[in-house]
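In what follows, a single structure is set out as structure tokens and then discussed.
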Amino acid sequence: MPIPQDRDTFTGNPLVSQTGTLVGVLIGVALSTYLQLEPGKAMALAVFCLLLAWLAVDGTLAARRAWASRTRRDEAPAIFWRRVGTKLVGLAALFGVVVIVCSVFPFFTQSSAIRWIIEASHTTIPIFIALAIATVLYVAVTDLIAEQPDDYLNQVGRAVLMQDFREEDVLFALRLLAIKCFFLVLMFSGGMAALSDLADKPAWAFPPLSAAWFEGLLRLAFLLDTVLAAGGYIATFKLFGWHVRATETTALGWLVCLICYEPFFPAISHAFVPYGEGPGWESVIQEGSAVFILWSGATLFCTLIYVWATVAFGPRFSNLTHRGIITSGPYRFIKHPAYVSKNIAWWLFAAPSFIASGLTEGLARAGMLAVVSLIYVMRARAEERMLSRDPAYRDYAESVAAHGLLAMAKRRLTSRPAA
Numbered sequence: 001m002p003i004p005q006d007r008d009t010f011t012g013n014p015l016v017s018q019t020g021t022l023v024g025v026l027i028g029v030a031l032s033t034y035l036q037l038e039p040g041k042a043m044a045l046a047v048f049c050l051l052l053a054w055l056a057v058d059g060t061l062a063a064r065r066a067w068a069s070r071t072r073r074d075e076a077p078a079i080f081w082r083r084v085g086t087k088l089v090g091l092a093a094l095f096g097v098v099v100i101v102c103s104v105f106p107f108f109t110q111s112s113a114i115r116w117i118i119e120a121s122h123t124t125i126p127i128f129i130a131l132a133i134a135t136v137l138y139v140a141v142t143d144l145i146a147e148q149p150d151d152y153l154n155q156v157g158r159a160v161l162m163q164d165f166r167e168e169d170v171l172f173a174l175r176l177l178a179i180k181c182f183f184l185v186l187m188f189s190g191g192m193a194a195l196s197d198l199a200d201k202p203a204w205a206f207p208p209l210s211a212a213w214f215e216g217l218l219r220l221a222f223l224l225d226t227v228l229a230a231g232g233y234i235a236t237f238k239l240f241g242w243h244v245r246a247t248e249t250t251a252l253g254w255l256v257c258l259i260c261y262e263p264f265f266p267a268i269s270h271a272f273v274p275y276g277e278g279p280g281w282e283s284v285i286q287e288g289s290a291v292f293i294l295w296s297g298a299t300l301f302c303t304l305i306y307v308w309a310t311v312a313f314g315p316r317f318s319n320l321t322h323r324g325i326i327t328s329g330p331y332r333f334i335k336h337p338a339y340v341s342k343n344i345a346w347w348l349f350a351a352p353s354f355i356a357s358g359l360t361e362g363l364a365r366a367g368m369l370a371v372v373s374l375i376y377v378m379r380a381r382a383e384e385r386m387l388s389r390d391p392a393y394r395d396y397a398e399s400v401a402a403h404g405l406l407a408m409a410k411r412r413l414t415s416r417p418a419a
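The letter at position 55 of the sequence shown is residue 55 when you use the numbering used here, and the numbering goes up by one with no holes.
Encoded structure:
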């Protein structure tokens, strides 16, 4: 039985959408590496290629459908342009908040992404002017075809202009702004570092099945995931159905998510769960042996499942948000394939080190990694609580419980004849 698809999940064939996403990110990374650009330009080009792929495969179809099904509103042009102007005021105010935040807090001022943007801004003024014009046109067209044009952007503008406004919409806008600022800067900076690392130590420059080749492929998978994530935080376009429907509102939900990322996780990991501080895998597994091939292959397989889960999101990837229910790709079989595959890969990669550490220290470090996995369990539960407000997610969860990977395994076990 197929898993029901929510109408907001995607606008076309999921296989075509995932293929376009994968092709776009691969072309972007390959082109950035081939041109030997400096990290900032390389990351920008990689994300740009990805956005073009999304627009070509998913966005144009969505925009045509939205325009064809638009509701014609009987309102005077003056009302329309006044609302568009209010939205632009709200957008300018939010941009001002971004500038202030990125100029004050060390997390932003010390990030390679912000430093690169500041340096590039002196030579890319025409690009910023073009983006400003495109933004005005985008806001006007989106307002024209929206079923509910009185959105959070309009409410922020009304608040700035000291008119009556809905407080919940303004709070939603601030939460969304915090999510986009934090994660986009984090992902863009991580992508810059990963692209620089890839240029210095590409996986294909090492002999196949070697340790350097294995670790290079892991770095490449991390890079693809980071570029995909950065693109997702940019592509929150309502015109194409990629917008954020809701954000996490609970302190626990934010805590268990943010604790998994810099600058929080490195500090907490070093102080409380330094499970990775020990002998390397090479102290137990011989490079090139059959065990090495099986171990590295299993680790890479889990990592590829993790990247596949990000590919399935396409332009809708984002933490702490609801942007449509994803039911294709690995999500057809399990609700949290990214978290499950990532944690299994971590356990596989760390297991040789645990063995080499001896029984007492090995068990202690395994317990530390178990704490990290527990955080991901709590993170998954928090996401389920937020998404369960949507009936489409409840239908999806019921379908996975009945027809997913665990259900299939259970049926196979129970259908075996008794010995």
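By construction, the Cβ of each residue, glycine as well, lies at the ideal position given by its N, Cα and C atoms.
Note that the coordinates shown come from a computational prediction; the quantities given were computed from them, not determined experimentally.
Taking 7 Å as the cut-off, the beta carbon of residue 219 is found no closer than this to the beta carbon of residue 200. Sequence-distant Cβ neighbours of residue 245 in its own chain, meaning closer than 8 Å and more than five residues away, are 8, 321, 322, 323, 324 and 390. Counting along the chain, residue 249 sits inside no alpha helix (DSSP H), nor does DSSP assign it H or E at all.
Cβ neighbours of residue 243 within its own chain (closer than 6 Å, five residues either side excluded): 236.
Within the model, the alpha-carbon separation for residue 91 versus residue 66 is close to 22 Å. With a beta-carbon spacing of about 11 Å, residue 20 and residue 49 fall beyond the 8 Å limit used to define contacts.
At a Cβ-Cβ threshold of 7 Å, residue 256 and residue 382 count as neighbours. Under a 10 Å Cβ-count criterion, residue 122 is classified as exposed, with fewer than 16 other Cβ atoms of the shown protein chains found around its own Cβ.
In the DSSP annotation of this structure, residue 204 is not part of any alpha helix (DSSP H), being labelled neither H nor E. Taken through DSSP and simplified to helix, strand or coil, residue 321 comes out as strand. A Cβ-Cβ separation of about 31 Å leaves residue 87 out of contact with residue 28 under the 8 Å criterion.
Under the three-state reduction of DSSP output, residue 99 falls in the helix class. By the C-beta density criterion, residue 169 is buried, having at least 16 other C-beta atoms within 10 angstroms.
Going by DSSP, residue 391 is part of the alpha helix (DSSP H) stretching over 391–403.
The alpha-carbon of residue 401 is positioned some 16 Å away from that of residue 329. Annotation: residue 235 is outside any alpha helix (DSSP H) and is labelled neither H nor E by DSSP. Between the region 30–50 and the region 187–195 there are three or more inter-stretch CB-CB distances shorter than 8 Å, so the stretches are counted as touching. For the pair residue 260 and residue 384, the Cα-to-Cα distance works out to about 17 Å. 145 is the residue among 278, 145, 167 and 363 whose C-alpha sits nearest the C-alpha of residue 74. Here residue 155 is buried. Its C-beta has 16 or more other C-beta atoms within 10 Å.
By the neighbour-count definition (other C-beta atoms within 10 Å, threshold 16), residue 337 is a buried residue. In the three-state reduction of the DSSP assignment, residue 151 falls in the coil class, being assigned neither a helical nor a strand state. With contacts defined by Cβ atoms closer than 7 Å, residue 273 and residue 378 do not form a contacting pair. In the DSSP annotation of this structure, the continuous segment of the alpha helix (DSSP H) that includes residue 343 starts and ends at 337–356. Here residue 110 carries a coil assignment [DSSP, helix/strand/coil].
Look at residue 242 here: in three-state DSSP terms it is coil, with no helix or strand label.
Per DSSP, residue 361 is one residue of the alpha helix (DSSP H) stretching across 359–387. Assignment of residue 182 by DSSP, reduced to helix, strand and coil, places it in the helix class. Boundaries of the alpha helix (DSSP H) harbouring residue 302: 290–313, taken from the DSSP string. Counting only residues of its own chain and dropping the five nearest sequence neighbours on each side, residue 350 has a CB closer than 7 Å to the CB of 275, 276 and 369. Here the region 94–101 lies against the region 171–184, with 3 or more beta-carbon pairs under 8 Å apart. Of the candidates 211, 149 and 233, 233 places its Cα closest to the Cα of residue 184. Within the same chain, Cβ atoms closer than 7 Å to the Cβ of residue 188 are found at 43, 113 and 230, the five residues on either side in sequence being excluded.
Distances from the CA of residue 307 to each of 224, 15, 240 and 56 were compared; the closest alpha carbon is that of 224. 59 is the residue among 33, 31, 130 and 59 whose C-alpha sits nearest the C-alpha of residue 314.
Put simply, of 342, 143 and 160 the residue whose alpha carbon is nearest the alpha carbon of residue 93 is 160.
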